[in-house]
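Basically the working numbering = 1-based index in the sequence shown + 514.
A virtual CB, placed ideally from N, CA and C, is assigned to each residue, including glycine.
Computed from a prediction, not measured in an experiment: that's the story for all the values here.
So the structure is just underneath, and the comments pick up after that.
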Amino acid sequence: MEKHGELRPALAAVAAVAGTGYASGRELVLFFAQTGRAGWIGVCFAPVIFGLLAALLCRCAGRSGAEGFAGFCRRMLGRRAAAVDGWLHGLLLALTAVVMLCAAGEIGALTLPVRQSWLWGAGLAMLIAAALNLSRLRPLPWLGLVVLAAGLAFYGALALDARAPRIWLNGEVRLALEDSWPAAVLLALAYGAMNGALAANVVLRFGRNARPWRLGLLCGLMLWALLAVANGAIVRGGRALLGQAMPTVILAARWGLSGFWACAAFGYLCAVTTLAAALGGLIDRMRDGWGMGALATALAIAALVGLLGLRRTVAVGFPAVGWLCAVLMLALACRADALLFRGGKG
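Here it is, written out as structure tokens:
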């Protein structure tokens, strides 16, 4: 893999958003499949937003010299506005870290034949994420390559399986936003902005020597390929599948025990890579002035939200933070346009 260029930061960005983007299938239902056929508009629009934000961050990183998102916000927005945006971004990272730990713990509880298997699953994920950060996330692009290949193969196989999934709790599923293209566009905007903010640190870290628009194109194409294949698998599973907590698990159950292990392995991989990226972002926040009190407060708020349960946190917490991040990234884009693209000083 080339030392300098666009491939490494693009793969690192894919790894950073894997856990929140498409691992469980619930995110795909929430942001895309619930709008029916209009969801395909969102599948195409979200990667555009994600790619544009990656290109913007890459271009600004080269000109501002910022190595982390905290410093980037301060140089673009000034200290006061950056402090507000910093708290928002820190809350997103803390919430993501808590959700990924819960997801890893649940997978551990289902797969590990030991006592306190939930703690073992979550603890192992934290150890791996910490080790990745001790190496300054250098292995993250390689893990992103694994995520990309595994995601395309896994969801591609699910999409090609024509058998109907077995759904025991099969009630009527009503889609209030079905065929609503405005809802599909707005949900895709929130999805792209949230994941763009989540991947911001790794894009700034790996993409300083990259060509911005080529990096944005690679990020967008990779995310689009994963979303298109995964959404195709979810949609083909039928309307009743959209009301389930873990659609991907139900689809993989058609393969028996091998499907169970494939789903668990892919989900754990995505949880670990996203946890590592979120942890790296929190470390960057601490280096930029966040004390232990601020970090503890953000983690406490995230943990309280996490008490709602994994499904409710994904269904309520992520869209809410996603909209706030959309405002944050829009403000940064406008400010960067004024300072960089028009030749202003900041």
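- Between the alpha carbons of L729 and P523 lies a distance of about 7 Å.
- Under the criterion of beta carbons closer than 8 Å, A636 and G619 qualify as touching, at roughly 4 Å.
- In its chain, beyond the 5 residues on either side, L783 have a beta carbon closer than 8 Å to the beta carbon of V660.
- G658 sits buried, since 16 or more C-beta atoms from the chains shown fall within 10 Å of its C-beta.
- The alpha-carbon of R677 is positioned some 27 Å away from that of G533.
- Excluding its 5 nearest sequence neighbours in each direction, T762 has C-beta neighbours in its own chain below 7 Å: S538, G539 and C777, listed in chain order.
- Look at the beta carbons and you see the stretch 524 to 531 not touching the stretch 743 to 759: under three pairs across the two are nearer than 8 Å.
- Sequence-distant partners of G670 (beyond 5 residues in either direction) whose C-beta falls short of 7 Å from its own C-beta, in its chain, are V743.
- Just so you know, the alpha carbons of V699 and R629 end up roughly 45 Å apart.
- Residues of the same chain with a CB within less than 7 Å of the CB of L731, apart from the 5 flanking positions on each side, are G565 in chain order.
- When C-beta atoms of the stretch 662 to 669 are compared with those of the stretch 786 to 797, fewer than three pairs fall below 8 Å, so the two segments do not count as touching.
- Between the C-alpha atoms of V543 and A597 there is a straight-line separation of about 33 Å.
- Our two residues, A639 and D675, have alpha carbons roughly 31 Å apart in a direct line.
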